[in-house]
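Just below is one structure, and these are the notes that go with it.
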Amino acid sequence: MADPWIEERDGLALWLRLTPKGGRDALEGIETLADGRVVLKARVRSAPEDGRANAALIALLATALHAPKSAFTLVSGQTARLKKIHVAGDPASLKTALAQLLAQGPR
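Each residue of the sequence shown is one higher than the one before, counting from 1 in UniProt numbering.
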């Protein structure tokens, strides 16, 4: 299975499928969509109103990757479930952190 991220010179581009009002804040692994795209599944408790779900997603990712919230930029999907996020930082370190996080299972 392919990874839901690619290296960029100043970080990673990460594709996600977000479930707002999901009952808990969690990263749930990798999923291949019907069209073949690979995404990281995430859920947050926040409702998708006034950007709260997006903010909760960035907070979840920042905590999981031990990175500041300012390292995350929502590139596309502001009002959609499918999102692209740029994570600033060392690409190799970020890929290693994501791989270790996903190896631990849903959290």
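Think of the CB as a built atom: it goes at the ideal place given N, C-alpha and C, for glycine as much as any other residue.
None of the values given here were measured: they were computed from a predicted structure.
Ala26 and Ala42 have their C-alpha atoms some 6 Å from each other. In the DSSP annotation of this structure, Leu33 is not part of any alpha helix (DSSP H), being labelled neither H nor E. The residues Arg17 and Leu18, in chain order, have a CB closer than 6 Å to that of Arg81 in the same chain once the five nearest residues on each side in sequence are set aside. 8 Å or more divides the Cβ of Arg45 from the Cβ of Lys69.
About 19 Å separates the CB atoms of Ala13 and His66; that is not less than 8 Å, and the two are not in contact.
Judged by DSSP secondary structure, Ser93 falls within the alpha helix (DSSP H) whose first and last residues are Pro91 to Ala103.
A direct Cα-Cα distance of roughly 10 Å separates Gly77 from Trp15. Taking the CA atoms as reference points, Glu7 sits about 19 Å from Thr32. Residue state for Arg52 is assigned as helix, using DSSP reduced to three classes.
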